[in-house]
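Asks: Protein sequence lines, in the order shown, are assigned to chains A and B. All residue numbers for the first sequence refer to the working numbering, where the first residue is 1 and numbers rise by one. All residue numbers for the second sequence refer to the working numbering, where the first residue is 1 and numbers rise by one. By construction, the Cβ of each residue, glycine as well, lies at the ideal position given by its N, Cα and C atoms. Every value quoted in this text rests on a predicted model; they were computed, and no experiment measured them. Just dropping this structure here.
There are 2 protein chains.
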Amino acid sequence: MATLKDVARESGLTVGTVSRVLNNRGYISEETRRKVYAVMRELNYQPNEMARSLSKQKSNTIGVIVPHIVHPYFSKLISNLEQAAYELKYKILLFNSKGKEEKEEEYIEMCKSNRVAAVILCSGSFHTEQFRNLDFPLITIERFLDEGIAGIECDNYRGGILAAEHLIERGCRHLLHIGGISGLPMPADKRKQGFEKVCQKYGAQYNEVEPSQAYYDDMHYYPIICQALDQYPETDGIFASSDLIAAQAIQVCAMKGIDVPGSMKIIGFDDVNVAALTTPGITTIRQPVKEMAEAAVAMAVKAAAGNAVPATSMFPVTLVERGSTGR
Amino acid sequence: MATLKDVARESGLTVGTVSRVLNNRGYISEETRRKVYAVMRELNYQPNEMARSLSKQKSNTIGVIVPHIVHPYFSKLISNLEQAAYELKYKILLFNSKGKEEKEEEYIEMCKSNRVAAVILCSGSFHTEQFRNLDFPLITIERFLDEGIAGIECDNYRGGILAAEHLIERGCRHLLHIGGISGLPMPADKRKQGFEKVCQKYGAQYNEVEPSQAYYDDMHYYPIICQALDQYPETDGIFASSDLIAAQAIQVCAMKGIDVPGSMKIIGFDDVNVAALTTPGITTIRQPVKEMAEAAVAMAVKAAAGNAVPATSMFPVTLVERGSTGR
């Protein structure tokens, strides 16, 4: 089996240079990099990550647990986590919990037995007892966990304020908020608090509905949107707690013959893919998902090396205007 | 450190039963499973996957390389691959190549050094020289590779036929096909051949445009759609080679004041998330992504164990009707 020395000799470089290519350290010219890879292939040299990981009892792998992969928020998050990990020479082991406790339990065990460096958790029905005795750091994104774990969230409260202010500024007087998951406390619940505060301040009427977990699991919100519009027919502005819900609200309005944005203005949350793909496009509150993902990976790596990381980090949100709240 | 025996003794079960729980073999009652996991947590028992993998020189991990994660086709594919892998007790190492050769090269090296059991490749600008001397099987989905590798695709030719027949049946006489990536041969190119055959058979006029790689990378097709509709203003039916393109075509029509489906009928391909989220919803050719993902994972596992697998597998497609081609 070819060794690092063989690769160095064949490529006419020092062992140090080859090692730097492999570990992506320091400046390496594109030409050198390609040469080393070419010789590695020629000699069928394989740096054994597994043996290396075993000797230090940690792999350069980060476990990522999400409740959905196809949900546009999580696919955007996963994409940015993968990119951030790649830049720090880490790899992503991806797990889809579907919000199910027994899967989450199993995945945490899988992460343990694979000696991951850290876990980034975006799925939150965990029992806290599971988090005892973990020998890797846990970073959460937009979830609460009451053990001493680093949490990353966006400024959900401010997002609720921005959304309500925008609808009122555009002339809406009968607002409807389609909220997070009823019965599952999440940082996102603060969106509702910001929304309420603004409605009260301006004396705007408002109603709220909270979808059950089943809607979230199926990503199918039509029944609750239809029901809410039947119950509150005076509604002229909707603040949906995700762009996914906002897209479905536009469809329900089309079905009911309600013109968006003429007779109904709709604002979402997240600023994911789908917000730019509907007709009209969705005005939304943008979460800086890229920066949040980069922070999560950087913290995971730092915490795995024994460094202290902030217990909570809150990222700013911004209003992104599209057609769904047009004048 | 706790051993398997300790877990067995503490939970009052045999070592065989505990081992079966850990390896998910045979029938295990929910109660037993939970008890074993509880004791494992209590004793902080960690089956060492890494050591086990090293001893057999293979991990129970499958590398998945995609050119996009946020693209709705790939997020659906990844989600189904993760589920299929989970059911066979495999884990997914996820890599986003962004279609870049140097990233693909690096990822294949990472997969080698992590001793993956197999790689499922959904990204295709690889040089074939890279595939020499691989000591794991490679399965491709909707990509060509000219080494002796198992390839999975849907019946793209039939999809093109179904799409054109549906548009013509709905009264379209001036068809436009927005195709795959120009200059990058892919199984999806056969959609165009099926489309052309039907147009010729019925004497329907048709035009075709092929977006460059840059459109695919950015997932932003507006300029080429606008240009095509300016160039071919008589167009009354569009066959887009993905639902993502179809969603953008609906937006472009709205911008130009063209009523969909009244004056323009649009059909997509894939049947992903976004097809059901636009207004109107997108009529499309459905790829059985779940079944294709299950086949890919099953083949990966079989091939890794040294068994022969089919060199090519073609899955059937079906027409799914939504509002974008309504009467």
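Asn60(B) CB to nearest chain A CB: under 7 Å?
Replies: Here residue 60(B) refers to the residue found at position 60 when the second sequence is read from its first residue. Taking Cβ atoms only, chain A never reaches closer than 7 Å to Asn60(B), which makes this a no.
Asks: Taking just the CA atoms, how far does Ile62(B) sit from Ser313(B)?
Replies: In the second sequence, the residue the question calls residue 313(B) occupies position 313. In the second sequence, the residue the question calls residue 62(B) occupies position 62. Going by the C-alpha atoms only, they are around 20 Å apart.
Asks: Applying the 10 Å Cβ sphere with the 16-neighbour rule, what's the burial state of Thr14(B)?
Replies: Numbered from its first residue, the second sequence carries residue 14(B) at position 14. Thr14(B) comes out exposed.
Asks: Taking the alpha-carbon of Val320(B) as reference, which of Ala308(B), Thr278(B) and Asp270(B) has the nearest alpha-carbon?
Replies: Position 320 of the second sequence, counted from the start, is the residue given in the question as residue 320(B). Val320(B) has its Cα closest to that of Asp270(B), out of Ala308(B), Thr278(B) and Asp270(B).
Asks: So, does the CB of Glu105(B) fall closer than 7 Å to a CB anywhere in chain D?
Replies: Annotation note: the requested chain D is absent from the structure, which comprises protein chains A and B.
Asks: Hey, how far is the Cα of Leu345(A) from the Cα of Tyr45(A)?
Replies: For chain A, the structure presents residues 1 to 327; residue 345(A) sits outside this window and is missing.
Asks: Helix, strand or coil, according to DSSP, for Gln193(B) in the structure here?
Replies: Along the second sequence, read from residue 1 onward, the residue named residue 193(B) stands at position 193. Note: Gln193(B) maps to helix in three-state DSSP.
Asks: So with CB distances below 7 Å, who are the chain B contacts of Gln46(A)?
Replies: Residue numbering aside, residue 46(A) sits at position 46 when the first sequence is read from its first letter. Those are Lys112 and Ser113, listed as they occur along chain B.
Asks: Write down the C-beta distance between Cys122(A) and Ile141(A) rounded to the nearest angstrom, noting that I regard them as a contact closer than 8 Å.
Replies: Position 122 of the first sequence, counted from the start, is the residue given in the question as residue 122(A). Position 141 of the first sequence, counted from the start, is the residue given in the question as residue 141(A). Indeed they touch by this definition, with Cβ atoms about 5 Å apart.
Asks: With a Cβ-Cβ cutoff of 7 Å, do Val18(A) and Arg33(A) count as a contact?
Replies: As a working note, residue 18(A) is residue 18 in the first sequence. As a working note, residue 33(A) is residue 33 in the first sequence. Contact: no.
Asks: What does the Cβ neighbour count give for Pro211(A), buried or exposed, with the cut at 16 atoms within 10 Å?
Replies: One-based indexing of the first sequence puts residue 211(A) at position 211. Buried is the call here.
Asks: What's the call for Tyr27(A), buried or exposed, on a 16-neighbour Cβ count within 10 Å?
Replies: If you number the first sequence from 1, residue 27(A) lands on position 27. The residue is exposed, with fewer than 16 neighbouring Cβ atoms inside 10 Å.
Asks: Within the same chain, show all residues whose beta-carbon is closer than 8 Å to that of Ala228(B), passing over the 5 residues directly before and after it, in chain order.
Replies: Indexing the second sequence from 1 puts residue 228(B) at position 228. The residues are Leu176, Ile178, Asn207, Val209 and Thr235.
Asks: Taking the continuous beta strand (DSSP E) assigned at Asn328(B), which residues delimit it?
Replies: For chain B, the structure presents residues 1 to 327; residue 328(B) sits outside this window and is missing.
Asks: Along the chain, which unbroken stretches of the alpha helix (DSSP H) at least 4 residues long are found entirely within the segment 152-235 of chain B?
Replies: Counting whole runs of 4 or more residues, the segment 152-235 of chain B contains the alpha helix (DSSP H) stretches 156-169, 190-202, 213-218 and 222-231.
Asks: Per DSSP, Asn34(A) is paired with what?
Replies: Working through the first sequence from its first residue, we reach residue 34(A) at position 34. Note on identity: in this sequence residue 34(A) is Arg, with Asn being the wrong assignment. The partner list for Arg34(A) (beta bridge, DSSP) is empty, contrary to what the question assumes.
Asks: When the cut-off is 7 Å and only beta carbons count, does Gln287(B) lie next to chain A?
Replies: Your numbering for residue 287(B) matches position 287 in the second sequence. Taking Cβ atoms only, chain A never reaches closer than 7 Å to Gln287(B), which makes this a no.
Asks: Less than 7 Å between the beta carbons of Val261(B) and Thr325(B), yes or no?
Replies: As a position in the second sequence, residue 261(B) is number 261, starting the count at 1. As a position in the second sequence, residue 325(B) is number 325, starting the count at 1. In the sequence as displayed, the identity of residue 261(B) is Pro instead of Val. Contact flag set, yes.
Asks: List the DSSP bridge partners of Arg286(A).
Replies: Locating residue 286(A) in the first sequence gives position 286, where the first residue counts as 1. Paired residue(s): Asp270(A) and Thr318(A).
Asks: If you follow the alpha helix (DSSP H) that Phe144(B) is in, where does it begin and where does it stop?
Replies: Taking the second sequence and counting its residues from 1, the one referred to as residue 144(B) is at position 144. Neither: Phe144(B) is in no alpha helix (DSSP H) and is coded neither H nor E.
Asks: Quick one: is Ser79(B) buried, meaning 16 or more other Cβ sit within 10 Å of its Cβ, or exposed?
Replies: Within the second sequence, the letter at position 79 stands for residue 79(B). The residue is buried, with at least 16 neighbouring Cβ atoms inside 10 Å.
Asks: How big is the Cα-Cα spacing for Pro185(A) and His71(A)?
Replies: The residue given as residue 185(A) occupies position 185 in the first sequence. The residue given as residue 71(A) occupies position 71 in the first sequence. If you take the alpha carbons of Pro185(A) and His71(A), they lie about 20 Å apart.
Asks: Buried or exposed: which applies to Lys190(A), given that a residue is buried once 16 or more other Cβ atoms fall within 10 Å of its Cβ?
Replies: Counting from 1 along the first sequence, the entry for residue 190(A) is found at position 190. Burial call: buried.
Asks: Assuming contact is defined by CB atoms lying nearer than 7 Å, are Gly268(A) and Ala254(A) in contact in what I supplied?
Replies: For this step, residue 268(A) is matched to residue 268 along the first sequence. For this step, residue 254(A) is matched to residue 254 along the first sequence. Not in contact: Gly268(A) and Ala254(A) (Cβ atoms no closer than 7 Å).
Asks: Under the three-state reduction of DSSP, which class applies to Ile139(B): helix, strand or coil?
Replies: Taking the second sequence and counting its residues from 1, one reaches residue 139(B) at position 139. DSSP places Ile139(B) in strand when its eight states are reduced to three.
Asks: According to a CB-to-CB cut-off of less than 7 Å, which residues of the segment 201-224 of chain B neighbour chain A?
Replies: Residues passing the 7 Å Cβ filter: none.
Asks: Note the first and the last residue of the continuous alpha helix (DSSP H) segment covering Ala247(B).
Replies: Translated into the one-based positions of the second sequence, residue 247(B) becomes position 247. Residues Asp243 to Met255.
Asks: Taking a contact to mean a Cβ-Cβ separation below 7 Å, would you say Gln248(A) touches Tyr221(A) in this structure?
Replies: On the first sequence, position 248 is the one that residue 248(A) refers to. On the first sequence, position 221 is the one that residue 221(A) refers to. Closer than 7 Å, so yes.
Asks: From Gly99(B) to Pro310(B), what does the alpha carbon distance come to, in whole angstroms?
Replies: One-based indexing of the second sequence puts residue 99(B) at position 99. One-based indexing of the second sequence puts residue 310(B) at position 310. Those two C-alpha atoms are separated by around 26 Å.
Asks: Would you call Ser97(A) buried or exposed, if buried means 16 or more other Cβ atoms sit within 10 Å of its Cβ?
Replies: What you label residue 97(A) is simply residue 97 of the first sequence in a count that begins at 1. It is buried - the Cβ of Ser97(A) has at least 16 other Cβ atoms within 10 Å.
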